[in-house]
Structure formats: C-alpha cells, structure tokens
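*Asks:*
Residue numbers (this note's numbering): 142 to 986.
1) Report the three-state DSSP secondary structure of residue 478 (helix, strand or coil).
2) For the candidate residues 609, 444, 462, whose alpha-carbon lies nearest to that of residue 529?
3) Assuming residue 622 contacts residue 675 under a Cβ cut-off of 8 Å, what Cβ separation, rounded to an integer in Å, is found between them?
4) Spatial neighbours of residue 200 within its chain, please: CB distance less than 7 Å, with the 5 preceding and 5 following residues excluded, ordered by chain position.
5) By the three-class DSSP mapping on this structure, what secondary structure does residue 530 have?
6) Give the DSSP bridge partners of residue 258, in chain order.
7) So for residue 687, helix, strand or coil by DSSP?
8) Quick one, are the C-beta atoms of residue 544 and residue 560 less than 8 Å apart?
9) Are the Cβ atoms of residue 772 and residue 851 separated by less than 8 Å?
10) Beta-carbon separation of residue 938 and residue 171 under 8 Å?
11) Could you give the distance in angstroms between the alpha-carbon of residue 255 and the alpha-carbon of residue 247?
12) With residue 732 and residue 259 assumed to form a contact (beta carbons below 8 Å), what rounded beta-carbon distance in angstroms separates them?
13) Would residue 166 and residue 942 be called neighbours here (beta carbons separated by less than 8 Å)?
14) Out of 465, 144, 289, 422, point me to the one whose CA is closest to residue 442's CA.
15) Classify residue 612 as buried or exposed, calling it buried when 16 or more other Cβ atoms lie within 10 Å of its own Cβ.
16) In three-state terms, what does DSSP make of residue 649?
17) To the nearest angstrom, how far is the alpha carbon of residue 402 from that of residue 376?
18) First and last residue of the beta strand (DSSP E) that includes residue 613?
19) Could you please give the first and the last residue of the uninterrupted alpha helix (DSSP H) stretch that includes residue 304?
20) Taking 8 Å as the cut-off, decide whether the C-beta atoms of residue 155 and residue 197 are in contact.
21) Which partner residues of residue 578 appear in the DSSP bridge assignment?
22) Can you tell me whether DSSP reads residue 856 as helix, strand or coil?
23) Take the Cβ of residue 475 as the centre, count every other Cβ of all protein chains shown within 10 Å, and call the residue buried at 16 or more, exposed below.
24) Nearest by alpha-carbon distance to residue 277: which of 153, 333, 655 is it?
25) Using the Cα positions of residue 696 and residue 840, report the straight-line distance between them to the nearest angstrom.
26) Which residue's Cα is closest to the Cα of residue 588: 535, 477, 222, 413?
27) Is the CB-CB distance between residue 523 and residue 372 below 8 Å?
28) Look up residue 381 in the DSSP assignment and give the residues it is bridged to.
29) Within 10 angstroms of the Cβ of residue 952, are there 16 or more other Cβ atoms? Answer buried if so, exposed if not.
30) Quick one: what's residue 376 bridged to in DSSP?
31) Span of the alpha helix (DSSP H) holding residue 747?
32) In this structure, how does DSSP classify residue 699 when only helix, strand and coil are distinguished?
33) Going by Cα to Cα distance, which pick from 311, 826, 768, 869 is closest to residue 149?
34) Quick check on this structure: which residue in 650, 681, 682, 679 has the alpha carbon closest to the alpha carbon of residue 667?
35) Residue range of the alpha helix (DSSP H) that residue 410 falls in?
36) From the DSSP output, which residues share a beta bridge with residue 1063?
Structure follows, in structure tokens:
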C-alpha cells in the first residue's frame, strides 16, 4: 500500500517519465540477481542518466526504504500485540518470573528482582543518517497507517486517513533528505529527546505494571509494587567530548537544561492530570497525619494562596497537595523559589500523597495512576537521563601537566576545568544523580583515573560527586583491566565512594576499537577473557562491579540482538546488572515504537535475570580455552595480515567511500582523531560504516574463516552447541555474511588497483561462509531465521539499485575535470545513496 502511494506521488511530482525510470531500474536489478548480462544492463541504465535524474531516482529508492521500514515496524508491533493478547510471550518478564519462581521459589525471586538493573545509555556519535525533519515526516505517515489499521474506524474515517497518508507520503517525498549544515551536539540532544517524549516516558510504567501483575495478579494495583523500579537511562549526547571539540562545558550545561525541560514538562502535565482526577473527599478518604502536617505548613506559609486553592478544591486535600506538587515541578522548570533540588524530593512528596490515600482506605487511587507517576520519577528523575561525561586520558594528562607547571591554561585545559565546574552546578540544581559518571577513554593505568579527581579538586572549591569510570578499548588494555581496577582501590576518592555506595564500582569495555584493531573473533575472545578476570577480581575484593558494554549498532562494533548478547557474557559477570550503549539508528529502531521498545526492554531484563542465575554455564567454558586460543591466533594473523599489508590504508580509501563519508553531516564528531590518513587515526564508526556501504560488512566477519580453519570441525560443532559465547558469535557472523553482497562488493573493490588485496578479501569471505555453514550445519545463511532471510532477500535488489547509483556518484566525484555544477549534483547523489543504503541495511554503524 505504501509503495503504491509512493508511486503515485512520484508520478505527480516528476511525471510518468520519472516513475518509468524508477521502474526500469527496479526491474533490472531484480533480473541482475540471476544473470551478469542484466548487471551490465543496470550499469548502462544508471550511466545513461544525467546526474539530476540519477538523484531523483536515488531519492525514490531511499524514500521507499523509509516507508518499508515503517511498514515492518508497524507489522512487528501488531504481531507483538496479538501474541501478548494470547498470554505471556517467551522472553517476556511475565514468562521469565514464572519460570524463575518455579526453579528458585518466591523469596529468592523477589531478592533477584531487588538487585535487577538495566541501564541503556544513548551515545553522542550516532550513525543515524536521517534528518530530524525526515524522521518526523515518517512518524506522521505512521500515525495515519495506525489509524487505517484500527478496526474501529468507520468507512469515512478510513477514507480520510487514506487521504492524509498520501498527503504525508507526498510531504516525505518533498522533504529535503540531506542536511544543509553540520550537525551540532545540541541538534543531537534534541533529536534523542523524541525517544523519551514519544515512547519511553509512557512505556516505562507499562513495563513495571506488567511485572507487578505477573508477581501478584490478584491484587495488582491495590498494594505497593512487589519489585522496585529497575530501569535507568543514561546519555552521552552532549557529554561525550572525546575527539569532539564542539562539546564544550557550555554545551554540557545546556544539554542538562534541555533534558530537564522535557522531563519537567512531562511531570508537570502528568501531576496536574492526576491531581485533577483524584477528587476524593476528605470525608470518604481522610488524609493521613503527614499529609495534614504538610498542608498546614503550606497554608501557614501562603494563607491567601491556599485560601484560593481550597476554594477551588474544597474538602479535597489530596487533590490540593498534588496540584501543589505540579506547581513545584513548574517552579523547578523555570528556576523558581519552590524548585525541587532533586528527584528524591519529588518522589517523597508523591509518596506522601500515596501513603495518605492508602491509609485513608483508597488503595486503587494510591497504587493506580499515581504509582505510574512515581515509577516515572524513580526512573527519570528531574533530568530524564543521567548525562555522562567522556574525555580522552591524554587530554587530562596534558591539562595536569600545564596546571602543575603553573602555565597559562590552554583552551582545552580551560574547558576541562569548566566542564568539572558545570558538573558541580548541575548537581547543585538537580542532584548528584543528574551527572556524576565521568568516563576516561583509553585508560592505560591508575594515573589516568587519579588525574580526573585531581582536576576536579583544582576546578572548584568543593568538587562534584564523581564516579570515574575507566574505559578499556585495546586488547592490551583489556588484558590489564583487572590490574588497573586493583590499583584504583588505593585512591582515596574511590575508597570514599566505595563506602558511600556499598562497594559499587563500574568499568567500561569498548568493543569498537578492539574489533578494528584485531578483528571480530580475537576481539570477542579478548572481551570475554577480560570479563572473566574482572569477575574473579571483584569477587576476591568484595566489589559489586557493573560492566558497562560499549557496543555499536553494527555487528562489526559488537552489535546484534541485545538479549542474546547478554546470555553470551562471561559467567558471573552480569550479576543482575547490565549497562550498555545504544548507538546510531539502533536507538530509533529499538525505542521509536512503543510496542517494540517495551518488547526490547523486557527481553533484555529477562536475559539479565536468566544470565545471572544460570550457574551451570560456568563449567563448560573452561573446556574451550585451547580451542579459543587456536582459532583466535589464526584469525588474528589473517586480519592483521590484511590491514598491515603495504598500502592498505590508501587502497581502502580508494575502494570505499570513507573519505566522502567524512563530508556527510551525520554527527558532530569528526571521522578521524587527527587530520592524518593513517588507519589508526580513523574512528571505528566510519570504518564500519564505509564497509557496510560497500556491502562487504568486513568488520563483522573477516578472519573468522581462517580462525575456524585452524580447529577440528567436531570440536567447533561441540562449542557451537555448548558455549553460548561461540554460538552467539557465529550467529552474528552469519547475519553479517547474509547482509554482505559479494557481487556488488566486487564492483567497489575494482575501484582500487590492488587485485591482490581484493582477492584476499573475497577469498576470506568465501572461506568464512563455508566454515560457518559447516559448523552450524546450515545449508544456507540464515536458514533458521526464515523471516530475516526473507527480508534480506527482498531488500537486496533495491539496495543494489542504490549501490549502482552510489558507484556512479563516486566515479563523478573522483574524476578530473568534473565541473562545479556536476560535482554538486554528484555529491548530493552520493549522500542520498548513503542515506538509502543505511535505511535498506538498517544496522550500519
């Protein structure tokens, strides 16, 4: 249906000729899947068009994928609702708690739930290639699609929804797909707010309510919740300044202001709505002593104001108090005298009203909508998501060197100090929970952690509350992680925080840079070994250690299904706590739709509970140590043999669009850490993004085939069945291989002049595919994932069309003598195809 409406819009816009060209290319790429002659015909069709026409055709395929993704999202949500209506789904919280109660008993189950923490963190370097205006236009189409799917709609309502949907598809077509200016950090902040405003604020209490009902269905909503709120959200957007000079102290302060504005507007509206609805009379529901005391204090402080309130709501003390709470939330938003100083103060007021209602004999009023509001306050605080700051260890070292030498602070050092002051200011206004985690990237030793505490002392008279988190990213740093954590215990600020938090510490493990350094298989094994060592260290030292997993959206950056990733963690490492980055287009894919967001969060929470209780998993893994060593060494040799080959960096720049991608205005952070062309300077995100645009997805599988070749097939098959890590790793590689298109990739590799390197890449692909199928026992890729396999097969020809158009753009951009006008069209064509391929492949960066 959406495709037909798009065709109508294209014809209206560009006439029958444009629609005919789109259809001509569509049919050609479908036929090209079966014959090389049609592949050459496709190239000829694309080459025959002026760049302006190629641009219009690229827009058609890009918008098509936006609509296909929307339709699939709605289909998934509809299926989830239908399954939910039939009873608890597998991997839902209801199903998981029922199983855990059967195995461990109710008391142990409630103990587990009291420890549960799921902490997604949205990051500051998205690969979300779409403009915010495009995302909004797609959402408007989705609203009309939802109305059309509503069985309660009348014929007239359906007719109007159909008209509106066509109007919105037309609007999407006419909306500029490309950014006209560089994205700023605050643009990224505002973009991520949509997820909280439109989805999470509503979904979170629904998840808690579902869990509470599963624990006690007979009296749910009539008693206090049986399990505490377990979700917390964090953000690096506006706080991550590692390699991004655009993120200043002022930006960080503004970010918290934007987040708080959204949170407080939501709380003000919800508290006002609930306050107006709770019209229980003092006679039927007498207020409790604490509520009476608070009301008396408020009445004495402002008698005229309270006389007016009592006149509007006579004999309705609970309503009066909740409307007062709404006014305090408003005062917090505008910086008024009655502002709340922390989320705990707001929660205390809400609980006062709740306790009074329950004590007055109105438990339905106490534990209904008011409980939803309390859950939201416990989860989001006054600040929506905890803003985390990240900076490179070398920046802190340079800042301290300047300050200790009593030099005039550089601009960079000044911003480090200003950032720490800004953190203190944020905590003074919203509480320490609003911004207290400080991540140190490329941590090499304990001095990198101590530096932050010393800088905090130098920045302000009273330093902020800080939890400094080491981030270990390279393989060598991962191997030394436990040693650094041991040294951290000797730091006085760390000792104080251990005493204040019940010996809680956090460590972050980065997947992207280690994968780029050594390849997917050795990096995964290094991560696993680090988790094992850190888990053993924490147990010896009596530390409650939370491992923060820095995963990307793409498989080449640690991505993949989150619930399966949880189950593949090292035994004992999860311990009812799971914290993970959510990056790029994954944020909108997982959290943009309410039903999908709820399902995702329930799956992750269920996986955390199961992984934390699956003690039997701790035994088999030791048997595979030798196997891991053998396949890891062979995979490392293959991967480093490629990237260390003479001239590889220059060759990669020629065969991939990595340099052209640097001109895309996707994110505020530069693609390279420094202006050089060396591979080490290139960040992991553009590295993965470039390979995905080439349809190779090399970071997700390269070296795996050689690694598997180094072991016996029977041993590998046994590991695939018995070792969760190995099972998930091969399944993720299979997905990455399935999204690789050897035929299209060959055309990108032909842009270089190194047939030896091109052959090496393609040979490793063939070997990896052969060995993965042999180990899994599958006859073809994604054999056990029919729906995903079908979706990939349907999408691939349309992505092919965009790839051919992108190759045309790259040749024009790189050709000598291209006129400025042609270059401008070629650049627009290239950027449009990047958007389209990203939409078609979905997990790209």
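Each residue gets a CB set at the ideal place from its N, CA and C atoms; glycine is no exception.
*Replies:* In short, the structure shows the following:
1) coil
2) 609
3) 6 Å
4) 318, 973
5) strand
6) 718
7) strand
8) no
9) yes
10) yes
11) 12 Å
12) Not quite, the Cβ-Cβ distance comes to about 13 Å (not below 8 Å), so this is no contact.
13) yes
14) 465
15) buried
16) strand
17) 15 Å
18) 608-613
19) 296-315
20) yes
21) 608
22) helix
23) exposed
24) 333
25) Because the pLDDT at residue 696 is just 47, under 50, the model does not fix this residue reliably, and the point stays unresolved.
26) 535
27) no
28) 531
29) exposed
30) 263, 528
31) 735-754
32) Reliability of the predicted coordinates at residue 699 is poor, the pLDDT of 46 falling under 50, and no value is obtained from them.
33) 311
34) 650
35) 390-418
36) This structure cannot settle anything about residue 1063, because the visible part of the chain is limited to 142 through 986.
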